[in-house]
Structure formats: structure tokens, C-alpha cells
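For the working numbering, count along the sequence shown from 1 and bump the result up by 11.
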Amino acid sequence: MSTRFIHLGFAISCCISSAALAGDLLDTYQLAKQNDPQLAAAEATYYAALEEKSLSRAGVLPSIDFSAGASRVNDDTIYVERPGTSNSGTSISYTNYTYRLELRQAIYRRDSFLQLDEADIRILQAEAEYQAAEQGLVLRLAQAYFDVLAAQDNLHFSRAEKEAIARQLEQTRQRFEVGLTAITDVHEAQARYDLVNSQEIAAQFRLDDRREVLHEITGQYLQQPATLRKQTPLPAPEPADPNAWNKLALEQNLALRIAHLSSQLAALQVKRSRSGHQPTLDLTLTHNYSKGGSFVDEVTSNSIGLQFNLPLYSGGGTSAAVRQRLHQHDAARQKLEQQHRATEASAHTAYRSVTASIVLVQALKQAVISNQSALDATEAGYEVGTRTSVDVLNARRELFRAQRDYAQSRYDYIIGSLTLKNAAGILSHNDLVQINQWLEADTPGQP
């Protein structure tokens with residue numbers, strides 16, 4: 012009975028492990044959302060920023076302090092009499108109990124009210140940074156996922172080319188043995204085989220490398236990702252106007268929004284530094300109680316007052332802080348301008364990249380067809396003696412190169428489309444949903 016349960020548990024374990032090794036783009040994205048450290052850090056930072064409001068509000072809300080104490084007093088008094096008489100004295104001992112309760116309410120503290128405004132901006136900034144982290148995860152995950160697919164394709168093409176050259180090498184050796192070809196053809200085929208063999212090794216290393224990058228994001232190794240279908244759509248950017256995308260980027264790009272909020276925050280910090288020259292006014296309510304003493308047994312007092320404070324000189328620290336904040340504000344404005352230009356440039360570049368990728372994919376698809384025809388013609392010529400084995404090797408190399416470039420161009424188109432939406436600040440999980448429809452379950456051994 013126990014043995015059967017062990018076998019069953021092992022089978023279930025194997026099934027779970029196998030399921031963890033395969034998945035499509037959406038499955039991988041869900042893993043990334045759960046396990047990506049960058050997104051988790053951004054989320055924690057966002058929740059930490061939400062506490063800024065409560066921290067700043069504390070400066071304008073009432074504060075209540077309570078203090079209490081107890082002391083034991085021994086009072087010995089000696090009275091010095093006239094000469095010739097004895098001295099006299101008294102000794103009094105008592106315990107004194109006190110407590111103090113004070114309520115303080117800020118009436119005018121400009122720096123505290125400015126801190127409230129700063130907290131609002133910090134929260135908006137943290138929210139934008141978290142949204143940027145979410146969009147960044149979509150792009151990073153897609154890049155890592157399709158890098159794995161590209162590395163798989165490259166390994167497949169290297170193996171296919173190696174197998175084809177191995178067959179040609181064997182054929183060339185046989186032809187040499189019967190005197191139909193020169194030894195140089197054998198050496199050329201052997202050299203090409205050795206080169207492709209080294210390329211296969213490098214391709215395997217690169218695939219392992221790409222899987223590690225994906226593992227860094229998802230926390231799991233994905234051995235059989237769903238692959239891109241042979242026939243996939245190539246939708247052009249909508250709207251088909253680079254200026255419209257540029258306008259959208261300037262309105263919604265999250266990096267630009269963060270830079271804008273940083274500039275606003277720096278301006279507020281200048282105002283708060285200047286408030287160090289301004290007076291403060293607090294309302295105080297105090298209750299004092301004392302029990303025990305040599306003459307009065309119990310004392311209670313209540314007071315209400317206004318406390319006014321005007322800073323006159325602080326060693327030049329306040330003025331230096333103002334100058335420092337002014338320089339920091341200027342730096343923030345310059346960074347905002349730089350980010351404004353970078354956003355425009357990234358939107359323009361991404362739009363051109365997508366439109367160029369569409370044309371390139373179509374051109375490389377035709378190149379694959381043309382190179383296949385060229386290889387067929389070269390092999391036919393080789394059979395009748397009009398072409399050499401070197402010609403066949405070169406034609407086959409060009410075919411595999413075209414196939415690699417075509418496969419890579421399709422991945423580049425997808426990443427380019429996501430990059431454009433990221434630049435415009437509209438990238439979301441829904442974009443992965445659309446791309447996931449272009450994928451199909453991987454067949455082991457296929458590109």
C-alpha cells in the first residue's frame with residue numbers, strides 16, 4: 012500500500028514539474044507579476060509613500076504630552092540660638108507627586124502646511140513610478156520571452172545546418188573516393204562543418220543565457236515556451252501618424268510625468284526652506300497638578316496661551332538651505348527638459364522602428380523564398396557538374412542566414428510595437444493578451 016502511494020506521489024510531482032516548465036506568454040507574465048523583485052520593490056515603495064500624508068498631517072494636528080514624577084523630600088532645619096544656649100531644629104519628610112498634561116495646536120506653521128502639499132506630490136510620484144514599473148515589467152518580460160524564442164530558433168537553425176553539411180560532407184567524401192571531386196571540396200566541407208559545430212555550441216550557450224534572464228524575472232525556468240505561429244499579423248501603428256504618437260507620449264509618458272512631479276516637488280521645497288525665516292504661532296493648553304509639600308498639600312493649575320516664535324538668526328543655515336533648494340530646483344527643471352526631449356525622441360524612434368520592421372519582415376520573408384530557390388538550383392547544378400560543393404555550401408549558408416534574420420525580424424517587430432506603446436505611456440497587460448493569440452504550443456525540436 013505504501014509503495015503505491017510513493018509511486019503516485021512521484022507521478023504527481025513529475026506532472027507538476029513538467030507543467031512549470033511550459034507555458035505561453037500570459038502564463039509567464041503571471042509568474043513575473045508574482046515573482047519579479049523590481050515590481051515588488053516598486054509596490055512596497057508606493058505603499059511607503061502613502062504614509063507620507065499621515066506623517067505630514069501630524070505637523071498640523073494637535074499634539075498631547077503627559078509627564079509625571081514623584082520625589083521624596085527630607086528637610087532638616089537647625090536654628091542657631093544665642094551663645095550659651097542649645098540649638099534647636101525641625102525635621103520634615105514628605106513625598107511630592109506631580110503630573111503635567113499639555114495640548115499644543117499649531118495655528119501658523121507654514122513649513123508644516125507645505126509638507127502636506129509635498130506629501131500629495133510624493134504620493135502621485137510613487138503612483139507613477141509603480142505604473143512605470145508595471146509597464147516596464149510587460150516590456151522586460153516580452154523582451155526576455157522572445158529572446159528565448161530567438162535563441163531557440165538560432166539553435167534549431169544551427170543544428171539543421173550542421174545536419175545538412177554533415178550529409179554533404181559524407182557525400183563529398185564518397186564522390187572524392189570515386190574520383191568525381193577534388194580533395195579541396197572535402198576540406199571545404201569539413202571546415203564548414205567545424206564552423207557550424209562551434210556555432211551550435213555558442214547557440215546553446217546563448218539559449219541558456221536567455222533562459223537565465225527570463226528566470227530572473229519569473230523565478231522559474233521555462234523550457235518549452237509557446238512559439239510564434241508561421242502566419243502572424245503585422246498591424247501598423249494606429250493612428251498612422253508619428254505626430255499623434257508624439258503628442259500622446261508628451262501627455263502620458265510616465266517617465267516624463269515623474270520628472271514633471273519632481274520639478275514641482277523641488278519648487279515646493281524651495282518655499283518650505285524659505286519658511287524657515289517666518290514666525291510660528293501655537294496654541295497651548297496646560298494642566299498642572301502637584302500633591303505633597305511642607306505647607307500646601309495639593310496644587311492644581313490650568314493655563315491657556317499663545318506661543319509665538321520668530322527666528323532671527325540661525326548661523327546662516329536657513330539662507331544656505333534656500334540656496335541649496337534653488338539649485339536643486341534648477342537641476343530638476345533641467346532634468347524635466349531632458350526627459351521631454353528624450354520622450355519625443357523615443358516616440359519618433361519607436362514609430363519609425365515599427366513601420367520599418369513591417370517592411371523588413373515582408374522583405375526577409377521573400378528573401379527566404381528566394382534563397383531556397385537559389386539553393387535548389389545550386390544543388391541541381393552540383394548534380395550535373397555545373398556547380399561546386401562550395402557553391403552549395405554558400406547557398407545553404409545564405410538560406411539559413413535568411414531564415415534566422417526573418418525569425419528575428421518578427422520578434423523585433425513585436426518588441427518594437429510594445430516599445431512604442433511604452434513610450435506613449437499606454438502599454439498594458441492587454442497588449443500581451445493580443446500577442447499571446449499569435450503563439451502556439453511548442454513542438455520539441457521545432458523552431
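For glycine and all other residues, C-beta sits at the position ideal for the given N, C-alpha and C.
Using a Cβ-Cβ cutoff of less than 6 Å, which residues in the same chain neighbour residue i once the five nearest sequence positions on both sides are dropped?
i: Leu-127; result: Ser-67
i: Arg-217; result: Ala-162
i: His-340; result: Ala-277, Ala-278 and Val-281
i: His-298; result: Leu-112 and Asn-313
i: Asp-35; result: Ala-237, Asn-447 and Leu-450
i: Ser-82; result: Asn-107
i: Asp-158; result: Arg-221
i: Gly-80; result: Thr-109
i: Glu-409; result: Asn-382
i: Cys-25; result: Bear in mind that a pLDDT of 40 at Cys-25, under 50, signals an unreliable position, so the model cannot answer this.
i: Gly-303; result: Tyr-105, Thr-106, Asn-107 and Tyr-108
Go through its chain and collect everything with a Cβ distance to residue i's Cβ below 7 Å, but skip five positions before and after it.
i: Arg-186; result: Thr-192
i: Leu-42; result: Thr-229, Gly-230 and Gln-231
i: Phe-319; result: Pro-290 and Leu-292
i: Ala-144; result: Gln-49, Leu-50 and Ala-53
i: Ser-169; result: Val-207, Gln-210, Glu-211 and Ala-214
i: Leu-150; result: Leu-429, Thr-430, Asn-433 and Leu-438
i: Ser-420; result: Ser-368, Leu-371, Val-372 and Leu-375
i: Ala-452; result: Ala-237
i: Glu-390; result: Val-403
i: Ala-332; result: Ser-284 and Gly-287
i: Ser-518; result: No answer is possible for residue 518: the residues shown for the chain start at 12 and end at 458.
i: Leu-239; result: Leu-160, Arg-421, Trp-449 and Leu-450
i: Leu-180; result: Ala-200, Gln-201 and Tyr-204
Do residue i and residue j have their CB atoms nearer than 8 Å?
i: Val-370; j: Gly-427; result: no
i: Val-379; j: Ala-413; result: yes
i: Tyr-57; j: Ala-153; result: no
i: Thr-183; j: Ala-200; result: yes
i: Leu-37; j: Leu-337; result: no
i: Arg-120; j: Gly-70; result: yes
i: Ala-270; j: Leu-347; result: yes
i: Leu-294; j: Ile-75; result: no
i: Ser-357; j: Tyr-424; result: no
i: His-359; j: Asn-257; result: yes
i: Leu-10; j: Ile-132; result: With the chain represented from 12 up to 458, any question about residue 10 goes unanswered, as that position is not in the structure.
i: Phe-411; j: Glu-172; result: yes
i: Leu-160; j: Tyr-422; result: yes
i: Ala-385; j: Ser-274; result: no
i: Leu-72; j: Leu-296; result: no
i: Arg-415; j: Asp-164; result: yes
i: Ser-102; j: Val-84; result: no
i: Pro-250; j: Tyr-362; result: no
i: Asp-47; j: Leu-148; result: yes
i: Ile-176; j: Tyr-204; result: yes
i: Glu-63; j: Ile-134; result: yes
i: Arg-268; j: Ala-353; result: no
i: Thr-311; j: Tyr-324; result: no
Cutting at 8 Å between CB atoms, please list the residues of its own chain near residue i, excluding the five before and the five after it.
i: Tyr-393; result: Thr-399, Ser-400, Asp-402 and Val-403
i: Thr-39; result: Leu-152, Tyr-156, Leu-225, Thr-229, Leu-233 and Pro-236
i: Arg-178; result: none
i: Ile-437; result: Leu-259 and Gln-263
i: Ile-194; result: Phe-187
i: Gln-45; result: Gly-230
With which residues is residue i paired in a DSSP beta bridge?
i: Ser-312; result: Asn-299
i: Ser-82; result: Asn-107
i: Gly-34; result: Pro-236
i: Thr-366; result: For Thr-366, which the question treats as bridged, DSSP gives no partner whatsoever.
i: Glu-113; result: Asp-76 and Thr-297
i: Ile-451; result: The displayed chain sequence assigns Glu, not Ile, to residue 451. Note: Glu-451 sits in a beta bridge opposite Thr-238.
i: Glu-291; result: Per the sequence presented here, residue 291 reads as Thr, with Glu not at that position. Its beta-bridge partners are Asn-320.
i: Tyr-119; result: Leu-292
Could one say the Cβ of residue i lies closer than 8 Å to chain D's Cβ atoms, at least one of them?
i: Ala-413; result: No chain D appears in this structure, which consists of one protein chain only.
Restricting to runs no shorter than 3 residues, where is the beta strand (DSSP E) found entirely within the segment 397-422? You should have found no qualifying run.
Complete runs of the alpha helix (DSSP H) confined to the segment 188-262 [at least 4 residues]: Counting only runs of 4+ residues, the alpha helix (DSSP H) found wholly inside the segment 188-262 occupies 194-229, in chain order.
Taking the runs of the alpha helix (DSSP H) that are 4 residues or longer, which of them lie wholly in the segment 135-184? Positions of the alpha helix (DSSP H) runs, each at least 4 residues long and wholly inside the segment 135-184, cannot be given because no such run exists.
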